[in-house]
Structure formats: structure tokens, C-alpha cells
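Q: This is the structure I have questions about; it appears just below.
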Amino acid sequence: MPESNLSFFGRLSVALGSFFAILGDAELAANVRRLREGGPASFAPATVTPAPAAAPVAKPQPAPAPAVIKEATPDAALQLLGLLQRNARFVDFVEEDIAGYSDADIGAAARIVHEGCRATLRDHFALRPVRSEAEGARVTLPAGFDAAAVRLTGNVVGEAPFSGSLTHRGWRVEEVKLPQLVKTHDASIIAPAEVEL
Numbered sequence: 042m043p044e045s046n047l048s049f050f051g052r053l054s055v056a057l058g059s060f061f062a063i064l065g066d067a068e069l070a071a072n073v074r075r076l077r078e079g080g081p082a083s084f085a086p087a088t089v090t091p092a093p094a095a096a097p098v099a100k101p102q103p104a105p106a107p108a109v110i111k112e113a114t115p116d117a118a119l120q121l122l123g124l125l126q127r128n129a130r131f132v133d134f135v136e137e138d139i140a141g142y143s144d145a146d147i148g149a150a151a152r153i154v155h156e157g158c159r160a161t162l163r164d165h166f167a168l169r170p171v172r173s174e175a176e177g178a179r180v181t182l183p184a185g186f187d188a189a190a191v192r193l194t195g196n197v198v199g200e201a202p203f204s205g206s207l208t209h210r211g212w213r214v215e216e217v218k219l220p221q222l223v224k225t226h227d228a229s230i231i232a233p234a235e236v237e238l
């Protein structure tokens, strides 16, 4: 049967096959749009295997939900930065030019900052490791593992399951206990200026 005289079911098979091919190939979709608008198509030669007319058509899988970007308000981050400054003088330490200090002086200051930062984190956050295994342990990640909770490093090739060594257990915040703020509080002032009289 000549191609210009396809039966209804033949045309249906071509239409459905084309539909899914266009959904999966951006270049093909652009070429089809150019053809429909009367322009030339820039098809690269490809081997096409036509599907039999009576072949069942698979149901399309639902597209994954698009990522929703939500705007983060800086208030909680500013509040945490203020707590770290108040309890550990964190901003003072980081903003200080330490090039002129000895390693012993920097180490002594870092110990004080570390103690204050650690106390602040423990007072306001319940932190738990993402993975329970000891660092250095061999772990296997099955297909469908949570890529937000586990980052693959090194020579990442192929598909899950992946086996490797745990180099960092990760951290997960299970609870946040930041103090409530009054509406008149300016969170951008993480440390007020001090004037001695």
C-alpha cells in the first residue's frame, strides 16, 4: 500500500508513534514545528524501525511534577547568624583579618568560637546523621535512593545499585527551636553596635 494511502489504523499508529517520539525528542519537535509552519526541516539521517500497525500502544507515564521554587525569607537565617554572633562571636571571627596573627593565637580564638557555635547548634537544632553507618564503612545504595540525602562522589558511572565507602555521614535537622521574634525586631541587625559611656 503506498504511504500516501495509509489506512485509518495505519495513520493512527503513525500518529501515536510520532506523538511519543516528539515528546521525547526536542530536536524532532522543532523540526515538526518548522515543517508545519512551512519551513525546511533539518532532519539528520536516522534509522527508523516502523512499529507494526496492530501493536498495542503503551500508556504514557505521567510526567514528574515540576520543581516548585519557593522563596526563602532571610529572617530565620539572620536570626541564626545573630545567635552565632551573640554566643560565639562568629561574625567577628570570620570578618577579622587573621594574616597577622600566629597559629597559636588563631587556634585559641577558634576554640572559643567552636565552643559557642556548638552550644548554639545544640540549643536550637536537633541534628542527626543522615546515615547510621560509621564513616569508612562499605554501603550499597539501591535504585531509587534519595539523591537529596546522599551525594555520590568519585567515579560515578552506570545506574544504581551503587556500592562505595561512606566518607561523610551527612546531617539532618529533625527539630528547630529558634526563639520567637516580636514584630518590631529588625533581624538584619545581627549584633548591635556597642558604645561605652
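Just add 41 to the spot in the sequence shown (first one is 1) and you have this note's numbering. Built from N, CA and C at the ideal position, the CB exists for glycine as well.
1. Residues in the same chain with beta-carbon distance under 8 angstroms from A178, minus the five sequence neighbours each way, listed in chain order, please.
2. What residue range does the alpha helix (DSSP H) around R159 cover?
3. Check the C-beta distance from A23 over to F134 and give it rounded, since I have them as a contact under 8 angstroms.
4. Have a look at the DSSP bridge pairing and note the partners of G205.
5. Is the beta carbon of V154 closer than 9 angstroms to that of A129?
6. Hey, how far is the Cα of V171 from the Cα of W212?
7. Please tell me whether V223 and A117 are closer than 9 angstroms, where the distance is taken between their beta carbons.
8. Where are the alpha helix (DSSP H) runs, 4 residues long or more, that stay fully inside the region 109-148, in chain order?
9. Is the Cβ-Cβ distance between T161 and L121 less than 9 angstroms?
10. Does the beta-carbon of L219 have 16 or more other beta-carbons within 10 angstroms, so that it is buried, or is it exposed?
11. Tell me whether L69 sits in a helix, a strand or coil according to DSSP, three-state version.
12. For L125, collect the residues of the same chain with a Cβ closer than 7 angstroms to its Cβ; drop the 5 residues on either side in sequence, then sort them by chain order.
13. I230: which of D146, R127, V198 and A67 sits nearest, CA to CA?
14. According to DSSP, which residues form a beta bridge with R213?
A: Walking through what the data contain:
1. Here residue 178 refers to the residue found at position 137 of the sequence shown. Hits under 8 angstroms: S206 and L207.
2. Within the sequence shown, residue 159 is the residue found at index 118, counting from 1. Bounds of the alpha helix (DSSP H) holding R159 are D144 to H165.
3. Residue 23 lies beyond the range of the chain shown here (42 to 238); nothing can be said about it.
4. To locate residue 205, count along the sequence shown from 1; it is residue 164. V180, per the DSSP bridge assignment.
5. Taking the first residue of the sequence shown as 1, we reach residue 129 at position 88. Taking the first residue of the sequence shown as 1, we reach residue 154 at position 113. With a cutoff of 9 angstroms on beta-carbon distance, A129 and V154 are scored as near each other.
6. As a working mapping, residue 171 is identified with position 130 in the sequence shown. As a working mapping, residue 212 is identified with position 171 in the sequence shown. For the pair V171 and W212, the Cα-to-Cα distance works out to about 5 angstroms.
7. Reading the sequence shown from its first residue, position 182 is the one you call residue 223. Reading the sequence shown from its first residue, position 76 is the one you call residue 117. It is not a contact, given that the beta carbons lie outside the stated cut-off.
8. The qualifying runs are 116-129 and 131-136.
9. Translated into positions along the sequence shown, residue 161 becomes position 120. Translated into positions along the sequence shown, residue 121 becomes position 80. Taking 9 angstroms as the Cβ cut-off, T161 and L121 qualify as a contacting pair.
10. Your numbering for residue 219 matches position 178 in the sequence shown. Exposed, since its Cβ has fewer than 16 Cβ neighbours within 10 Å.
11. Here residue 69 refers to the residue found at position 28 of the sequence shown. Looking at L69 - three-state DSSP - the assignment turns out to be helix.
12. Counted from its first residue, the sequence shown places residue 125 at position 84. F131, C158 and T161, listed in sequence order.
13. What you label residue 230 is simply residue 189 of the sequence shown in a count that begins at 1. The candidate whose alpha carbon is nearest that of I230 is R127.
14. On the sequence shown, position 172 is the one that residue 213 refers to. R213 pairs with R169.
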